[in-house]
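*Asks:* Here it is, the structure in full.
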């Protein structure tokens with residue numbers, strides 16, 4: 016959350032820390048080939064390594080936050096998270112997002128997800 020605090024203060028916005036937006040744990044053990052393991056979790060959403068969570072589990076907890084925000088009738092919501100979870104969240108709205116899109120993320124990176132009824136668009140706004 017510390018990465019968004021300066022902007023929130025400058026804009027006089029309130030920040031709510033939600034642990035469901037914490038980065039996904041790939042494994043509780045050190046994985047020598049962690050990059051290949053991560054790639055496999057994008058191919059198999061049910062795959063979990065020792066002490067880690069599946070892509071499906073991580074996506075589900077992030078979507079809970081989005082659904083709660085949408086149910087609250089907020090016009091604009093900013094979610095701040097880490098790259099792997101953000102990519103999974105974006106994939107929920109656009110199935111084109113996967114390992115290659117994760118690998119292409121910059122730090123920081125910003126995407127706009129617009130939900131209008133049953134229509135959803137995903138747009139990268141950070142250049």
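Residue numbers (my numbering): 16 to 142.
For every residue, glycine included, the Cβ atom is placed at its ideal position computed from N, Cα and C.
How should residue 99 be labelled, buried or exposed, when 16 other C-beta atoms within 10 angstroms of its C-beta is the threshold for buried?
*Replies:* In the chain shown, counting from the first residue as 1, residue 99 sits at position 84. Buried, by the Cβ-count rule.
*Asks:* On the CB-based measure, 16 or more other CB atoms within 10 Å of its CB, does residue 39 come out buried or exposed?
*Replies:* Your numbering for residue 39 matches position 24 in the chain shown. Looking at its Cβ environment, which holds 16 or more other Cβ atoms inside 10 Å, residue 39 is buried.
*Asks:* For the alpha helix (DSSP H) that contains residue 106, what are its first and last residues?
*Replies:* In the chain shown, residue 106 corresponds to position 91, counting from 1. Here the alpha helix (DSSP H) through residue 106 covers 98 to 108.
*Asks:* My output table needs one value for residue 121: the three-state DSSP class, helix, strand or coil.
*Replies:* In the chain shown, the residue the question calls residue 121 occupies position 106. Coil, per DSSP.
*Asks:* Which partner residues does residue 138 have in the DSSP bridge list?
*Replies:* What you label residue 138 is simply residue 123 of the chain shown in a count that begins at 1. Beta-bridge pairing links residue 138 to 127.
*Asks:* Does residue 70 pass the burial test, meaning 16 or more other C-beta atoms within 10 Å, or should it be called exposed?
*Replies:* Residue 70 sits at position 55 when you count from the first residue of the chain shown. Classification of residue 70: buried, given that the 10 Å Cβ count is 16 or more.
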